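Have a look at the structure below, then the notes.
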Amino acid sequence: MYFTDRGIEELADRRGEEQVTLEWVSDQLRTFVDINPEFETPIERLASWLARLDDDELDDE
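Quick note on the working numbering: the sequence shown kicks off at 4 and runs consecutively.
Below, the structure written as structure tokens:
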């Protein structure tokens with residue numbers, strides 16, 4: 004496996020017609036953390052930040 008700065012584009016290309024859902028992404032993140040526990044804190048911070056985006060948008064209304 005390799006990493007590039009085109010990760011999102013590669014993901015879309017590799018998944019083909021299959022829709023990448025939030026549920027799929029969260030399952031992959033959970034699996035990633037299970038394999039790489041040292042990333043648990045950053046992944047949890049990302050999840051918290053994503054969850055709070057909705058709160059920020061509601062505050063702007």
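From the three backbone atoms N, C-alpha and C, an ideal C-beta is built for every residue, glycine too. Fair warning: this is a prediction, and the values are worked out from it, not measured in the lab.
> In angstroms, rounded to a whole number, what distance separates the CA positions of Trp-27 and Asp-58?
Replying inline: Computed Cα separation, rounded: 23 angstroms.
> DSSP three-state call for Gln-31: helix, strand or coil?
Replying inline: Under the three-state reduction of DSSP, Gln-31 is assigned to helix.
> Is it the case that the Cβ atoms of Leu-32 and Ile-11 are separated by a distance below 8 angstroms?
Replying inline: For Leu-32 and Ile-11, no; Cβs fall outside 8 angstroms.
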